[in-house]
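Numbering (the working numbering), first residue to last: 27 to 447. All C-beta atoms in this analysis are idealised placements derived from N, C-alpha and C, irrespective of residue type, glycine included. Worksheet: the structure to be examined is printed underneath.
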Amino acid sequence: MLPNLEELILSHNKLDHINSEAFFGLSNLKKIALQGCGLVRVPMEALRRIRTVTTLYLDNNLIADMENVTFRGFHFLKNLRLEGNLLQRVPTDALIGLRSLEALDVDDNSLSSMPVGLENLMMLQEISASNNRIRWVSKGDFPKNLVSLDLKSNPLAGIKPGALQNMPRLRKLILSDVRSLNELPPLDGCTSLEVLRLDRANLSKIPDHISSNRISSLHGAPFSSLGQLHDLLLSNNEIESIPHDAFVGLVRLQVLDMESNRVFFIHADAFRPLKKLEDLNLGNNLFPQLPTAGLERLLHLKTFNNPHLREFPPPEAFPRIQTLVLSYAYHCCSFLPLTTALPKVPNTFNIRENVLFPTDNEFDMSLWNNSYNDIWPQLRKYAAVQGSVDACWGGLIVLLLWEFCEQKHKREKVLHFSSFP
27 MLPNLEELIL
37 SHNKLDHINS
47 EAFFGLSNLK
57 KIALQGCGLV
67 RVPMEALRRI
77 RTVTTLYLDN
87 NLIADMENVT
97 FRGFHFLKNL
107 RLEGNLLQRV
117 PTDALIGLRS
127 LEALDVDDNS
137 LSSMPVGLEN
147 LMMLQEISAS
157 NNRIRWVSKG
167 DFPKNLVSLD
177 LKSNPLAGIK
187 PGALQNMPRL
197 RKLILSDVRS
207 LNELPPLDGC
217 TSLEVLRLDR
227 ANLSKIPDHI
237 SSNRISSLHG
247 APFSSLGQLH
257 DLLLSNNEIE
267 SIPHDAFVGL
277 VRLQVLDMES
287 NRVFFIHADA
297 FRPLKKLEDL
307 NLGNNLFPQL
317 PTAGLERLLH
327 LKTFNNPHLR
337 EFPPPEAFPR
347 IQTLVLSYAY
357 HCCSFLPLTT
367 ALPKVPNTFN
377 IRENVLFPTD
387 NEFDMSLWNN
397 SYNDIWPQLR
407 KYAAVQGSVD
417 ACWGGLIVLL
427 LWEFCEQKHK
437 REKVLHFSSF
447 P
């Protein structure tokens, strides 16, 4: 007897059968690994001796039938691995009573449907059922507290309404290589979703609303664990303020898009953690002041269509800036002297200044609403220019485009200023 034994690893032996008394006396056993042993059935008689077990590995065996198998009474079991067997179904009674189960893996079997009763396992957070023969996913197949779901490489004919909706904790959904999937399933209520994989499916279109959520708060350092993140796109939400800890942890972030929110306040230290930020889009918001701490490496900045931002930071705040898309024409004035400080341009390259005097008949104003490039983001309305506009631009729509190509380093530097009366 080994009363203090906590882990028993018997993997990759030739144990097609395990005697019912094999684990007798192992009252403190927490983990048992029986993968790759050639088992043809779940050794329930032996396992009933160790109901304190928290981790059970039965993967990569020859188990084809779970009839008369029940884990009732295994109240401490948290991880159950059954992948790589020959299972065609998991009976209703098999998983009853697993009230502590957190992770279930049934990959690489021959299941035609999800195991019955999963919706009653309230602690279950991770389900992996890839490489099976599952054709339908229905409402009630999964618990609402699910965090991760992997259904890749299944011949899904459809995902019924409600099957993947209203899962507020779901962060990861994998539907890769589902060749019959021709439309994005409804994901309403999956407000925590961070990873969605739909590669190698049969999608012909993506809904227009896929990126429009209703995020209203960035409090509590929500991205503190995402130290490798490069791009963060939060456009078309309902964010009203950016607190001091909004971007804590985003030490590698390069692109931040917060266009079309309701931002009326930005904390002075909000951008300070963003040491590598190069592209910032704050267009279509309502904030009156733009803090610059942390924006020293910025190359591209958009603050268009913000009527409350009447005073713009000086050029010294953005020593590396290349592109500006601003709300008011007079915001550009302080940046114009930058062009005189540039190196002498070789004769083989042209500097040009284009002044446009468009009329309704001569110019398609929809071009100014084009958001498919880096220069002209989508504008829902034009900001009203007040103050000393005439002194700066003469009240006209002006585009000053300066281009300097440095042949020696083979790179192009472009500075754009846009304004709208």
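Sub-8 Å separation of residue i and residue j beta-carbons
i: Leu127; j: Lys104; result: yes
i: Gly275; j: Ser243; result: no
i: Ile89; j: Leu112; result: yes
i: Phe168; j: Leu124; result: no
i: Leu190; j: Ser218; result: no
i: Glu220; j: Lys186; result: no
i: Glu304; j: Leu335; result: no
i: Ala247; j: Asp271; result: yes
i: Ile268; j: His293; result: yes
Spatial distance of residue i from residue j (CA atoms)
i: Cys418; j: Pro340; result: Caution applies to Cys418, whose pLDDT of 40 falls short of 50 and renders its modelled position unreliable; the value that the coordinates give is listed next. Using only the alpha carbons, I get a separation of about 16 Å.
i: Arg346; j: Asn332; result: 23 Å
i: Arg74; j: Arg278; result: 50 Å
i: Gln315; j: Leu144; result: 51 Å
i: Thr80; j: Leu224; result: 33 Å
i: Met193; j: Val163; result: 15 Å
i: Gly64; j: Gln280; result: 51 Å
i: Ile241; j: Leu222; result: 18 Å
Other residues of its chain near residue i: CB distance less than 8 Å, five sequence neighbours each side excluded
i: Leu31; result: Leu52, Asn54, Leu55
i: Thr78; result: Ser53, Asn54, Leu55, Lys56, Phe102
i: Pro117; result: Met92, Glu93, Val95, Val142
Residue i burial status per 10 Å Cβ neighbour count (16 or more: buried)
i: Lys40; result: exposed
i: Ala227; result: buried
i: Ala155; result: buried
i: Gly309; result: buried
i: Arg107; result: buried
i: Met140; result: buried
i: Phe338; result: buried
i: His43; result: exposed
i: Ile35; result: exposed
i: Phe297; result: buried
i: Ile377; result: Legend: pLDDT at Ile377 = 44, less than 50; position of this residue unreliable, value from coordinates given subsequently. By the 10 Å Cβ count, Ile377 comes out exposed.
i: Asp214; result: exposed
i: Pro29; result: exposed
Sequence-distant residues of its chain with Cβ nearer than 7 Å to residue i (five each side left out)
i: Arg67; result: Ile89, Asp91
i: Pro181; result: Arg159, Arg161, Ser206
i: Met148; result: Pro169, Asn171
i: Gly99; result: Arg77, Gly123
Three-state secondary structure assigned by DSSP to residue i
i: Tyr83; result: strand
i: Glu264; result: coil
i: Phe361; result: helix
i: Ile347; result: coil
i: Leu144; result: helix
i: Leu73; result: helix
i: Ala355; result: helix
i: Glu93; result: coil
i: Glu33; result: strand
i: Glu342; result: helix
Residue i CB to nearest heavy atom of the ligand FMN below 7 Å
i: Leu177; result: In the structure on display, the ligand FMN does not appear, and there are no ligands present to speak of.
Same chain, Cβ closer than 6 Å to residue i, neighbours up to 5 away in sequence not counted
i: Ile76; result: Phe49, Leu52, Leu55
i: Asn327; result: A small fix is needed here, since residue 327 is Leu in this sequence, not Asn. Counting only Cβ-Cβ distances below 6 Å, and skipping sequence neighbours, we find Leu306, Leu350.
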